[in-house]
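Have a look at the structure below before the remarks.
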Amino acid sequence: MAQDKLRSVEITRRKTESYIESPDVAKASSEVQTAISLPVRMVVSAVGGMVGATVCHPIDVVRINMQVFKYNGISNAVTSIVKRSGFLGGLYPGLDGAYLRQWTYGSCRMGIYSFLQDKVWFLPSLNPFAVRVRP
């Protein structure tokens, strides 16, 4: 039983190493990264965060309203909020602030990550896994 587990772990390790060390994967990864410029990656990251904020913001609004006011359940809270303030005004107040936060977080995070990736990638003492993976 233990030998079977060890054998399956060894097979998985070999598959992973062959995938990581595959020149095609490394070449494709570096080509994609160089094909998309840093400003484009920053904008895409920020827009992705904004889409996430658009989806999650109403959930946070309902959660906060349920914490502050007395409701009989989620559906009661949503219907009361929409009746009181309208759909957009009730479920999306403060969305502009959420968009601004996601725009700055998303773009800064991608910019800092790309900068550090270029500077730290080949320092084995700081990032040994990345040195093993990258050709």
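Anchor point for the sequence shown: position 63 equals 558 in our numbering, and the numbering is continuous, going up by one each time.
Glycine included, C-beta positions come from ideal geometry on N, C-alpha and C.
Exercise. Alpha carbon to alpha carbon, how far is SER602 from SER532?
Worked result: Here residue 602 refers to the residue found at position 107 when the sequence shown is read from its first residue. Here residue 532 refers to the residue found at position 37 when the sequence shown is read from its first residue. Cα-Cα distance, rounded: 13 angstroms.
Exercise. Closest by CA to ARG558, which one among ILE576, PRO534, GLY584 and GLY547?
Worked result: In the sequence shown, residue 558 corresponds to position 63, counting from 1. The shortest C-alpha separation from ARG558 is found at ILE576.
Exercise. Does the Cβ of ALA541 have 16 or more other Cβ atoms within 10 Å, making it buried, or fewer, making it exposed?
Worked result: Locating residue 541 in the sequence shown gives position 46, counting from the first residue. The residue in question, ALA541, is buried, as its Cβ has 16 or more Cβ neighbours within 10 Å.
Problem set entry | Assigned secondary structure, PHE582 (DSSP; H/G/I helix, E/B strand, else coil) | Here residue 582 corresponds to residue number 87 of the sequence shown, with the count starting at 1. Three-state result, PHE582: helix.
Problem set entry | Sequence-distant residues of the same chain with beta carbon closer than 6 angstroms to VAL556, five excluded per side | Position 61 of the sequence shown, counted from the start, is the residue given in the question as residue 556. Only LEU586 meet the Cβ criterion.
Exercise. Taking Cβ to Cβ, would you say TYR600 is nearer than 8 angstroms to GLY544?
Worked result: For the purposes of this step, residue 600 is taken as the residue at position 105 of the sequence shown. For the purposes of this step, residue 544 is taken as the residue at position 49 of the sequence shown. For TYR600 and GLY544, yes; Cβs fall inside 8 angstroms.
Exercise. If you compare alpha carbons, which of VAL539, PRO553 and MET537 is closest to GLY589?
Worked result: Translated into the one-based positions of the sequence shown, residue 589 becomes position 94. If we check each option's Cα against that of GLY589, PRO553 comes out closest.
Exercise. What is the rounded straight-line gap between the Cα of VAL573 and the Cα of ARG596?
Worked result: On the sequence shown, residue 573 is found 78 positions in, with the first residue counted as 1. On the sequence shown, residue 596 is found 101 positions in, with the first residue counted as 1. Going by the C-alpha atoms only, they are around 25 angstroms apart.
Exercise. Between TYR566 and the rest of its own chain, which residues show a CB-CB distance below 8 angstroms, the 5 nearest in sequence each way excluded?
Worked result: Walking along the sequence shown from the start, residue 566 turns up at place 71. Contacts found: ASN560, ALA572 and SER575.
For this session: Within 10 angstroms of the Cβ of ALA548, are there 16 or more other Cβ atoms? Answer buried if so, exposed if not.
Result: Numbered from its first residue, the sequence shown carries residue 548 at position 53. With 16 or more Cβ atoms within 10 Å of its Cβ, ALA548 is classed as buried.
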